[in-house]
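Asks:
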Amino acid sequence: MTQTFTLHPGYPDNWISKLKANDDATLRELYTASFPRVEMYVLNNNGTSDDAKDIYQEAFIAVWRNIQLDKVELTGADSLQGYLFRVAQYKWLDQLRSSKRKKTNTLTSLEITDDAPDLVDSGDEEYIQSVQENYLKMGEPCKDVLYRFYFLKQSLRDIASFFSWTEATAKNNKYRCLQRLRELVIPKNNRP
Amino acid sequence: MKYTGNISADELQRIERFLTGEMPEEEAAAFKAELTTNADLELKTSELRMLLLGINESVLKDRLPLYHTAVPTPHAGRHIFPMAKKWLVAASIALLAVVAIWFFVSKSDSSKSLYSRYYQPDPGLPTVMSSTGDYAFEKAMVEYKNHEYDKALQGWNTLLKTRSENDTLRYFIGAAYLAKNDDQQAIKYLGSSAADTSSGFYGEANWYLGLIYLKQGEKLKAAEFIKNSNHTNREAVLKAIHQQ
């Protein structure tokens, strides 16, 4: 499924590339600007501020993931904030439906059927979860190298300079750390 | 998702350039075409796409609590029905009245009760959440503000290994130990800031050390430290100590 939306006037023209590049200021702006509406919605529909925070963070990750996977298009009639809101709304509704709250809630007009936010299949989802768990278990140097290279998009030269390595060492260490993570995620006995 | 076997460093670099959009348009088009005919390359690219997504998502999840600290909180603590709210206001007024009566009726406090009355954990520093700045320090600061003192200490103590003289780090480690009621460790870490008049935390460290000694019943020692603090309740505490 491809989601569509238009640029929100409050965001810079190249915001999509900034979100793809994990630009801290853009991520933060999107996060803080969009939360109050979601919070209000959850509070008005049998939830608490903590519920709103949890559901919003799930939705934020889902939207970010879809942007990373190029599964969101820039044409259409909605804003990014609207899209994020709908994903959060969907998730909250889903949670209400699957819990006992369903018996007592007073939701009236929440028919959302076309915004399912989880766009990877269950096998990929399981794999991504495993990557996250194993990444967190890695030693600090490997975690830091992978964080700097893949999330912060730092060059090998900058990483080498930070760790007082040569650029070749930085490249080699980054490669070894990634291989190590691959092996942790799919143990030898599960390989073909 | 399957393990797709060994990926050489050069192959990895090529796939990464495609996935991160660093490939020139023409080369990317050729790569895309190759994906349709080269099953091995397609599998490796799929695996790496999900691998990098997982790494980045893990980092982002770790950052969300930091982002959340910047959210305005007009609705914090809501989900209170109007009637319950009225009762809460009434209960608050009653509680304030009881506290006020207790305050004026009690002529003298024990040292411990003085400590309880005046101790408030240091509120911590604002977190600016910069991507290249002191991320580990700020993450621990968020944990500290969330009263997750053990987690905060774990982060700060790791940083302290390479920054043993860092005044800010030592002060907040002391503040976290104090919040955990570990007085001995708090004294150890607050002591250096309290002894250094050029420290940015000189006044605060003296205030908290004074309160610790007050809790332990060492009133003279407590007064010495509190005299050096710049806390708004300094005079009130000193007066109460002298009245005891």
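Order-wise, the sequence lines are chains B and H.
Numbering-wise (the numbering used here), the first sequence opens with residue 1 and increments by one.
Numbering-wise (the numbering used here), the second sequence opens with residue 1001 and increments by one.
We put the CB at the ideal spot given by N, CA and C, even for glycine.
1) For a test of the three-state rule: what should DSSP assign to H/Val1071, helix, strand or coil?
2) Excluding sequence positions up to five away, which residues of its chain have a Cβ less than 7 Å from the Cβ of H/Arg1170?
3) H/Pro1072 versus chain B: which residues are under 8 Å apart at the beta carbon?
4) Taking the alpha carbon of H/Phe1201 as the point to measure from, which residue in H/Lys1180, H/Glu1138, H/Ile1173 and H/Ala1222 has its own alpha carbon closest?
5) So that I know if they touch, is there some Cβ in chain B lying closer than 9 Å to that of H/Met966?
6) Got a sec? Which residues, its chain only, sit under 8 Å from H/Ala1136 by beta carbon, not counting five neighbours each side?
7) Is there contact between the segment 19–27 of chain B and the segment 84–94 of chain B, where contact requires at least three CB pairs shorter than 8 Å?
8) Going straight from the alpha carbon of H/Glu1011 to that of B/Lys143, what length do you get?
9) Between H/Asp1196, H/Ala1070, H/Gln1184 and H/Gly1203, which has its C-alpha nearest H/Leu1213's C-alpha?
10) Can you give the Cα-Cα distance for B/Glu29 and B/Lys18, rounded to whole angstroms?
11) With burial defined as no fewer than 16 other Cβ atoms inside 10 Å of the residue's Cβ, what is the status of H/Gly1054: buried or exposed?
12) With C-beta atoms as the reference, is H/Leu1051 less than 9 Å away from B/Leu136?
13) Can you list, in chain order, the residues of its chain whose CB lies under 8 Å from that of B/Lys153, leaving out five sequence neighbours each side?
14) Roughly how many angstroms separate the alpha carbons of B/Ala62 and H/Glu1143, rounded to a whole number?
15) Here's a check: name, in chain order, each residue in its chain whose Cβ is nearer than 6 Å to the Cβ of B/Asn105, leaving out the five neighbours to either side.
16) Distance, Cα to Cα, H/Gln1120 vs H/Leu1114?
17) With DSSP as the reference, label H/Leu1125 as helix, strand or coil.
18) So, are the CB atoms of H/Ala1186 and H/Ala1195 less than 9 Å apart?
19) List the whole-angstrom C-beta distance separating H/Leu1066 from H/Glu1138, where the pair is believed to meet the contact cut-off of C-beta under 8 Å.
20) Is it the case that the segment 1003–1022 of chain H contacts the segment 1041–1050 of chain H, given that we only count it when at least three CB pairs across the two stretches are under 8 Å?
21) Mind listing the chain H neighbours of B/Phe151? Cutoff is C-beta to C-beta under 8 Å, in chain order.
22) Using CA coordinates, which residue listed in H/Ala1091, H/Ser1092, H/Pro1072 and H/Asp1122 is at the minimum distance from H/Ala1205?
23) Residues of the segment 123–147 of chain B in Cβ contact with chain H at a cutoff of 7 Å, in chain order, please.
24) Output the distance between the C-alpha atoms of B/Ala33 and H/Ala1039, rounded to the nearest integer angstrom.
25) Excluding the 5 residues preceding and the 5 following H/Leu1019 in the sequence, name in chain order all residues of the same chain whose CB lies nearer than 6 Å to its CB.
26) Classify H/Val1105 as buried or exposed, calling it buried when 16 or more other Cβ atoms lie within 10 Å of its own Cβ.
27) May I ask you to list, following chain order, the residues of the segment 52–70 of chain B that have a beta carbon less than 9 Å from some beta carbon of chain H?
28) So, helix, strand or coil for B/Asp94, using DSSP?
29) Can you tell me whether DSSP reads H/Ile1007 as helix, strand or coil?
30) Suppose you measure from the CA of B/Gln132 to the CA of B/Phe151; what does that come to, to the nearest Å?
31) By DSSP, does H/Thr1232 sit in helix, in strand, or in coil?
32) Any Cβ of chain B within less than 9 Å of the Cβ of H/Phe1081?
33) Kindly indicate if chain B contains any beta-carbon less than 9 Å away from that of H/Met1023.
34) Count the other C-beta atoms from every protein chain shown that fall within 10 angstroms of the C-beta of B/Leu156, then say buried if there are 16 or more, exposed otherwise.
35) Is there at least one Cβ from chain H nearer than 9 Å to B/Arg28's Cβ?
Replies: In brief:
1) coil
2) Tyr1189, Ser1192 and Ser1193
3) Thr32 and Pro36
4) H/Ile1173
5) Nothing in the structure corresponds to residue 966 of chain H, since chain H is present only between 1001 and 1244.
6) Gly1155, Thr1158 and Leu1159
7) no
8) 22 Å
9) Before going further, note that residue 1213 of chain H is Tyr rather than Leu in the sequence given. Of H/Asp1196, H/Ala1070, H/Gln1184 and H/Gly1203, the residue nearest in Cα terms is H/Gln1184.
10) 11 Å
11) buried
12) no
13) Ala21 and Asn22
14) 24 Å
15) Any reading at B/Asn105 is ruled out, since the residue's pLDDT is 47, under 50, leaving its predicted position unreliable.
16) 12 Å
17) coil
18) no
19) 6 Å
20) yes
21) Ile1055, Asn1056, Val1059 and Leu1060
22) H/Asp1122
23) Gly123, Asp124, Tyr127, Ile128, Val131, Gln132, Tyr135, Leu136, Leu146 and Tyr147
24) 43 Å
25) Arg1049
26) Only weak support exists for where H/Val1105 lies, its pLDDT of 48 falling under 50; the coordinates are left without a value.
27) Ala52, Lys53, Tyr56, Gln57, Phe60, Ile61, Trp64, Arg65, Gln68 and Leu69
28) helix
29) coil
30) 13 Å
31) coil
32) Here H/Phe1081 scores only 47 on pLDDT, less than 50, and its place in the model is too uncertain to base an answer on.
33) no
34) buried
35) yes
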